[in-house]
Every structure is written in structure tokens, then in C-alpha cells.
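Before any comments, here is the structure.
There are 2 protein chains.
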Amino acid sequence: MNKPRKNQNSVNGSSHPTIVDIARQIGVAPMTVSRVINESGYVSEAMRQRVQAAVTEMNYRPNVLARSLKRQRTQVIGILLPDIANPFSAELVRGIQEVLLARSYTSFIGTTERSTQREQAELRALFDLRADGIIVATRETKKGNDYLLKLTENRLPMAVVGRTLNHPQVDRVTADHWQGAYEAVEHLIALGHRRIGYVGVQPINGGGLRRYQGYLDAMRDHQLKIDERIIVGPAEQAGPGYSTQDDGYAATNRLLKIKQRPTAIVARNDFTAIGAMCAIRDAGLRIPEDMAVVGFDNVPLAAYTAPPLTTVDQPTAEQGRQAATLLLERIEGDRARERREINLACHLVIRASTQPATQRT
Amino acid sequence: MNKPRKNQNSVNGSSHPTIVDIARQIGVAPMTVSRVINESGYVSEAMRQRVQAAVTEMNYRPNVLARSLKRQRTQVIGILLPDIANPFSAELVRGIQEVLLARSYTSFIGTTERSTQREQAELRALFDLRADGIIVATRETKKGNDYLLKLTENRLPMAVVGRTLNHPQVDRVTADHWQGAYEAVEHLIALGHRRIGYVGVQPINGGGLRRYQGYLDAMRDHQLKIDERIIVGPAEQAGPGYSTQDDGYAATNRLLKIKQRPTAIVARNDFTAIGAMCAIRDAGLRIPEDMAVVGFDNVPLAAYTAPPLTTVDQPTAEQGRQAATLLLERIEGDRARERREINLACHLVIRASTQPATQRT
DNA sequence: AGCAATTGTGATAACGTTATCAGAGTCGCT
DNA sequence: AGCGACTCTGATAACGTTATCACAATTGCT
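Chains A and B are the protein sequences, given in the same order. For the first sequence, the positions run 2 to 362 when our numbering is used. For the second sequence, the positions run 2 to 362 when our numbering is used.
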């Protein structure tokens, strides 16, 4: 009480008082302050209160840099996303953070923006930060995979969402896009459609896209002809097929020029579907009478399109929760445990873009 | 060369070799390695190459925790957003990161999810991390403002985007929503509309919303009656007026029940507008013949709605760039400099939702 | 040749925290 | 009374890095 009245900008001049400042203030060892802050070890109740008071008065906040350095873990999980703009990313993050928050982890988000270079930079940043683990939801690329595997070899715990990464210690969470697309096609078939197109993929390199496989398999299983002329994707030079309204619009315009055009289309995702619907309307056709449309993802907007969009709902937040849970399990438990894979069911949401056809074959 | 063949998981057993490991490997002092890594001070070319080789071979990456701790700055800028789901956030982040990347800063994103509690938690996290500065783009709340001011008092450099914060050291970047809305209303008036509604705000508490003020002022300046019955917002109990398709849909449904309904509406933002359009169609009315609609923000989707949406474009990425530039200027220069404010112009994008009326007064 | 300036390298301490050990005091039990 | 167990507090060292000082070797200049 002889050095009175010091505000939070105390001893060390910086605006961040340290544990040492607190300790000096009340005349104890820094270690004692540390124990109070972390509620670890023995501290008498009287001391605890004295320290607490000083902590609040001086507005002390632990320096996570120093703490993480000493503890050799950061309590940080990196999240790598293709981009930030879409509802899928947002929902996924929500699910992940729900779990992390409860277990007092923090998350850092990095985005790829379609560039493998960006992806590596972001991963490197997370690695340099000594993130305790990462959740990866980017599109697969050769380079990207190589780099991820390298990080895994460096013992960085990892989980992937909605994609693959072939490594025995990388957990994996997905939704069953194959099944969702399969059901969507069966729904169209039940409505009487026979000639069903696919918008958002190039027939050549759609192999990795499970929702596209689901479309193909459903068509085959029902003895329907797969006509590559009504499977349209982004223009060749568009790079790594990244799907937006624009792609859907352009591709569908090409599709509509074909003589025997389909009576229904399945779109790679809802935004592609929205672009497609716009193209269909611009061509003077009605939805669903002249052409039915099915999307994929059930973004919030899908209920408000004109007409409201039939689409496949995938449990996005749940994928996030599961991925986070698996990852934390690995981080805090057996880091070498064999990978787990979780595949969640999708379900079809039927709206007005696929009403039963009135005058159809 | 007597302890041969060590892979990257070297001396200290962890998968992260340190500067000391490198130094030992080639028999020099850690300081020399540090100098090579940071390209600071004098190092002979021969030494530089020797160190570089070891760094690559052992896959060394500097520990940013230790580095930041020592340097007393993290090169991290925190970004606080209301949420991650919307295109505005995405564009803003893109603009910010463009600047940060070029100046070798990293950014961490925190989201509020409409909760002041979450907001404080995220801010605290950024503060604890010793972020060098933060950019805040959340909605204003009393509690939120108080906390932000407290952080500013603790000398955390700050810039706000699309909102206010009254402090002489907080820079501010906005787009002129007032002017954008004003132009939108004048556009409708020029098309012959006299009775123009507003969707997405409650007349009572719209005071803080500049785009709403622009609507009111434009109406007044053109001697048009402001009728509070055709100004509809989210239901009272909806909490902090957060606008989505759902709100727009519900509010517009209420609006459509009014006898003398407006011939045009201005929506608080594009998503509200999309909800509104859906409600209008559901009521069996045509857009724009029976009711014209103007949105705000020009989200990518606005070009693909049915009909394509007339809306006010705001330079979002540019706001991000400007905010980041101002903030870095403050961080690296005079931290006490008087605040700067930048107000960027908006412009109207005319599409089909407001075509010149055919049979109107 | 002589001396200052430049170049190259190393030793030391510190950033803020916490794991670990050590020691003193208290309590409970025989 | 004696002894082990528990409770409380402190001293020390370390996490991985870099700022600073120190010193030797080289260079340039008169």
C-alpha cells in the first residue's frame, strides 16, 4: 500500500500487465498468481481472493503466446475452407465451433480461394502457429493432397470433411452425396421424367464427384440412357470446376440449345441450380412444367427461389461437429489410432421446382 | 558428419525442429541461424547457404509463438464480423486480406452470431492473442461499444467498417448507404411510383440505419407521404433486427394485407428483398408490374433472381482495403493520430425488378 | 603502416508463462 | 510426542526466439 493508485497501465509501461506485475502488486511469487489463474495446485482461499482482486483491478489477461509456448500446445484448431462466402462453410464452421467452444479450444479459419498456392500458405500459417490440429474441407488437388500428407507425417492431427485424404491417421467425415443424388433422380423418375440432364460437371472429369456418380448410377439402375450431350459443366478453360450461379447459367444456356432437351435437370449444387433456373426462364420456359430442377445442399435461399427449389439436404453442421469431435479425440487421446470414417445420410427436400408433371408422357 | 542421417524429427524429439537444432546440426550459434532466417544483420554468403540448406533439409519453420512473444508484436490483425455466411463478410475479408497479405500480416476471423456475449468472447480472444490491431464490422450495441472503447483505451489499434464508434483514435470506413437509398427511391419516383414501402425495419428503431434515413429523406424531399403502415420490419420479439429472407418474407406478407398497398418497396438488403419477392409472388402478384422491388448490397445472387433484382451496389472489398490500410498506418506509424473517416459512394444497379411501369398513373 | 569503419560471429539476457522441485507449516492419527 | 500426509508458497529453469553487446577479422583510407 505504499505505492498507491496504479491503473491498468502499470509497471511495465505496456498496456498488458503480466503475471509478474500482479505478483509484485500484492507481494507474492508469480507462481502463486499462475496457480490462481489456472486453478491448479494448492492455493488458500484468502490468497485466491487477493490475487483475483488484483487480476480484476489491473485488468490482467494471460498472454496466450507465452502460455502456448510453455505448454507446447495452443488449444487452437485450424479450419481450412475453400472460401468463406457460401452457406456450407458457415454452417460447417458453426458445427465445429460448437464443439470446440465447449472444450475451450479456439479456431482459426483459412481460405483457399481456389488457389493451391493460397492453400499451402494458409496451411503453413496454421502449422507455424503450432495449431493443435486442423480440419480440412477444401477441394482435392494433387498438390494439396501432397502437402496435407506431408503435414500429417509431421504429426499434425487432421480430419477432412467432404473429401478424401488417404492416410491411416486422418479421420474423415462426409455426407452421402451419392445416395442423396440417387434419391433425387429416383424422385424425378417417379414424376415421370425419362430424359434427365446434369448441370455443373464435365463428363470427362466428374469422376471424383460422388453426387454425380449417384446421378449416373440411378440412371443406369433404371435403364435410362445417359446422354453426354445433356451433361454440361463449366467451360473447359474455367479451371478447377468451381460452381456458381454464373456457371450454372452459362452451362444451362448451352444445354437449352440441344434439340432433344431434357425434361428435368439435376444441378451440382443450389447456386448452380439458381443460375440454371434463370437461364431456363430467360429461354421462355416454365419451371417445373417445361423443365424440372433439382439442386443440392439446401441452402437457406432454396426455399425462396422462384419457384422454391427441390434439393438435397445435407447435415452440414453435424459434419462439423463430428469432425471436431474426432479430431479432439485424436489430439487428446491416442494420436496414432486408426482413422475413423463417418458418412451421414442426406435427404431430399421436395419443393415446387419438381411438382408432379401435369401433361407429361 | 559423425551423427549422420537425421530426418526432420530430429534432436528434440518433437516434430518441430528449433533454431537450436539447426545451429547444432551445422555447428554454429543459434543467433546466426536467426540472422539468416530474418535476413537481418551481417551473414557471409557461405554461411547463409549452409544454414539455408539445413533449414530446408530439417524442414524447419520458425515458431511464431516464440517470435511474437519476443518481438512484442504478432503481425496478426483480428477481424470481427457479425457472421460468416453472407457475401458482404466474404467480400470484406477479401479486401482486407489483399492488403494484409502484401504487408505480411495474418488475419484471424471472429464471428458474433448476434450475441454480445460471443462478441466479447471473440474480442477477448483476439486481445489475449495480442493481435496488433482489429477491424470491427459488427452491428452496434451499447454493450459492444463499451467493450470496444475499453479495448481502445488499452491501446489496441482499431478500425470500424460500416458502423460508428465514437473515439478519437478509431478510424472508420463506410459506404454512403444514405445516398444509395436516396438514389434508389428517386429511381422509383422517376418510374412513376408514389406509394413506396420499406421492408426490413421497424419505424421506431430504424434511427441508426442510414439506408433507411436515405429512404425517408428522399420521400420527404419529393413531397411524398411517409406512411408507417407500409414500413414493416421483423416481428417485435425477433430481437436485434437481423435481416434474412425469412424476415423479408414475413414482413412483406403483413404489408400485403394492407388495403392501399404500395406499388413499390425498398428492402433493407438483398436477402430481405428475395424474401419479399417470394411473398409477393405467393400473393399472386407480378414483379415489377404489380409491385416493384429494390434491394441493397448487390450480392452476386441478385443478378439471378426472378426477376433480376434492382439493387444498390456498395464497394465492399474496397471498404476492406481502406480499413486495413488505415489500420496498418496507425499500427506502424503514429498510434495517437486523429481518426480518419472514409465514406465511399454507392451506386444503383438497375435490373428487371423495377422496369418502367407499363400501366401506371 | 596505422586506424577507423565495416563485416561476420557468438554469448547473454529477456519476452511471459508454467512444470518441477523444495521447503515450511498444519493436520490427523497412533 | 512423533510421524506421515496434506496444504500452501516460493525458487528455478525452461519453452523458442531475438535485441543487444562484445569481439575478432577484414577492408578502406590517408
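The beta carbon of each residue, even a glycine, is placed where N, CA and C say it ideally should be. Since the structure is predicted, the reported quantities are computational estimates derived from the model, not experimental observations.
Interface residues of the segment 102 to 120 of chain B facing chain A [CB-CB below 7 Å] | T107, F109 and I110
From R352(B) to R115(A), what does the alpha carbon distance come to, in whole angstroms?
-> 30 Å
Neighbourhood of Q323(A) by C-beta, 6 Å cutoff - its chain only, sequence neighbours within 5 removed = V174 and I343
When DSSP labels each residue in this structure, what does S90(B) get in the three-state scheme?
-> helix
Assuming P169(B) and E330(B) form a contact by the criterion Cβ under 8 Å, report the distance between their Cβ atoms to the nearest whole angstrom.
-> Going by Cβ atoms, the distance from P169(B) to E330(B) rounds to 16 Å, so no, they are not a contact pair.
Are Q261(B) and G234(B) touching if we call contact CB-CB under 7 Å?
-> no
Chain B contact for R322(A) (CB, 7 Å cutoff) = no
Mark N369(B) as exposed unless 16 or more other C-beta atoms lie within 10 angstroms of its C-beta, in which case mark it buried.
-> Since the displayed chain B opens at 2 and closes at 362, residue 369(B) lies outside it and no answer follows.
Residue range of the beta strand (DSSP E) that includes M159(A) | M159 to V162
Beta-carbon proximity of I159(A) to I135(A), cut-off 7 Å | Sequence check: residue 159(A) is Met here, not Ile. The answer is yes: Cβ separation under 7 Å.
Proximity below 7 Å, CB of A86(A) to CB of A132(B) = no
Given that a residue counts as buried once 16 or more other Cβ atoms are within 10 Å of its Cβ, and exposed if not, what is Q246(B)?
-> buried
Quick one: what does DSSP say V233(B) is sitting in, helix, strand or coil?
-> strand
Among all the DSSP beta bridges, which residues are the ones paired with R173(A)?
-> V161(A) and E342(A)
Throw me the rounded Cβ distance for the D298(A) and D271(A) pair, which I believe falls under 8 Å.
-> 5 Å
Identify the residues that DSSP records as bridge partners of S108(A): which are they?
-> I78(A)
Proximal chain B residues relative to I1(A), where beta-carbon distance stays under 9 Å = Outside the displayed span of chain A (2 to 362) sits residue 1(A), for which this structure offers no information.
Thinking just about the alpha-carbon of each residue, which of L124(A), D129(A) and L157(A) is nearest to the one in K144(A)?
-> L124(A)
What residues in the segment 243 to 259 of chain B have a beta carbon less than 9 Å from any beta carbon of chain A?
-> T245, Q246, D247, G249 and Y250
For V56(B), the three-state DSSP class (helix, strand or coil) = helix
Taking the continuous alpha helix (DSSP H) assigned at V34(B), which residues delimit it?
-> P31 to N39
Verify the CB distance criterion: does N133(B) have a CB-CB separation below 7 Å to chain A?
-> For clarity, residue 133(B) is Asp in the given sequence; the question names Asn instead. Chain A contact via Cβ: absent.
N270(A) versus chain B: which residues are under 9 Å apart at the beta carbon?
-> Result: empty, since nearest Cβ-Cβ is about 13 Å, beyond 9 Å.
Compare the C-beta of I80(B) with all C-beta atoms of chain A and state if any pair is closer than 7 Å.
-> no
Using a Cβ cut-off of 8 Å, pull out every chain B residue sitting near F128(A), in sequence order please.
-> R62
Contact set between the segment 317 to 351 of chain A and chain B, restricted to residues whose Cβ is under 7 Å from the partner | none
Could you spell out the range, first to last residue, of the beta strand (DSSP E) harbouring D298(B)?
-> Neither: D298(B) is in no beta strand (DSSP E) and is coded neither H nor E.
Buried or exposed: A307(B), going by 16 or more other Cβ atoms within 10 Å of its Cβ?
-> buried
On the DSSP bridge assignment, give the partners of G134(B) in chain order.
-> I78(B)
Where S105(B) and Q76(B) are concerned, what is the direct C-alpha to C-alpha distance, given to the nearest angstrom?
-> 7 Å
Return the CA-CA distance between T33(A) and E154(B), expressed in angstroms with no decimal places.
-> 29 Å
Specify the secondary structure class of Y199(A) as computed by DSSP and reduced to three states.
-> strand
Indicate the three-state DSSP secondary structure (helix, strand or coil) for Q147(A) in the structure shown.
-> In the sequence as displayed, the identity of residue 147(A) is Asp instead of Gln. Here D147(A) sits in helix by DSSP.
Neighbour flag for I85(A) against chain B, beta carbons, 7 Å = yes
Could you give the DSSP three-state label for A307(A): helix, strand or coil?
-> coil
Check the Cβ-Cβ distances between V21(A) and every residue of chain B, and say whether any is below 7 Å.
-> no
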